[in-house]
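Written below as structure tokens is the structure these notes are about.
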Amino acid sequence: MTWDGGLLDGVFIHNNTFFWNPPVEGPPAKMTETEFGGSRSNSVINNVIYSTVPSMIHSGAGIKFQHNLYWYPGDSLPKWSYGGREHVGLTSYRAAAKDELFIEPKLDWLLRPLAGSQAIGRGLRVPDPGSQDAFGAPLLPGKPPDIGAIHWPTSVAEATRNRSPGVSSVTFRAQSPNLRFAP
716 MTWDGGLLDG
726 VFIHNNTFFW
736 NPPVEGPPAK
746 MTETEFGGSR
756 SNSVINNVIY
766 STVPSMIHSG
776 AGIKFQHNLY
786 WYPGDSLPKW
796 SYGGREHVGL
806 TSYRAAAKDE
816 LFIEPKLDWL
826 LRPLAGSQAI
836 GRGLRVPDPG
846 SQDAFGAPLL
856 PGKPPDIGAI
866 HWPTSVAEAT
876 RNRSPGVSSV
886 TFRAQSPNLR
896 FAP
């Protein structure tokens, strides 16, 4: 948030997992009225964005999107509005934002990557990523980073520790044929 003509400089949004299921059409990332300035880079990197609507982002070119994994399970093509241009489908958007991915992330009900997820080990190395993921599991130096907020367990002990206490199973019943949940 800025006021009195302030500008954002050095914004760095990385390794988050967004599940977007709005009651009306609208993108999960909307940064059209944000003013960026200064000499530092403004970036959105290594995020999983799972949206139940085709609009993915609506942003000016003042912030760079790089190496994010997007997924929309619907029948139409996803849409990005970036730098004043509309992009329908990933091929069109890649011309404006390089290295973006559009593939099902294969997440469980806690938004953790499942075996075979394209989010595992495919992230870019970022400066000062922190020491742990969103569930408190340590991030291992030397291991390629995952995309998203929760990293793939590297051991049985870690996988067991990351389970939610007292929860043995959850059943989802989709209200829409476009929604799919992994077991």
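With the sequence shown counted from 1, adding 715 to any position gets you the working numbering. By construction, the Cβ of each residue, glycine as well, lies at the ideal position given by its N, Cα and C atoms. None of the values given here were measured: they were computed from a predicted structure.
Take L826, set aside five residues on each side of it, and the residues of its chain with a beta-carbon closer than 7 Å to its own are T732, F734 and I865, in chain order.
With contacts defined as CB atoms closer than 8 Å, P828 and D861 qualify as a contacting pair.
Contact between G741 and H782 is absent: CB atoms are separated by about 24 Å, not below the 8 Å threshold. Per the DSSP secondary-structure output, K779 pairs in a beta bridge with S758.
The shortest CA-to-CA distance from D823 to any of S807, V803 and W867 is the one to W867. In the DSSP assignment, L826 falls outside any beta strand (DSSP E), carrying neither H nor E. Within the same chain, and ignoring the five residues on either side of N757 in sequence, the residues whose Cβ sits closer than 8 Å to its Cβ are L723, D724, G725, V726, F727, F751, G777, I778 and K779. Judged by DSSP secondary structure, Y787 falls outside any alpha helix (DSSP H); it is assigned neither H nor E. C-alpha of L854 to C-alpha of L784: approximately 19 Å in a straight line. With a 10 Å radius around the Cβ and a threshold of 16 neighbouring Cβ atoms, D843 comes out exposed.
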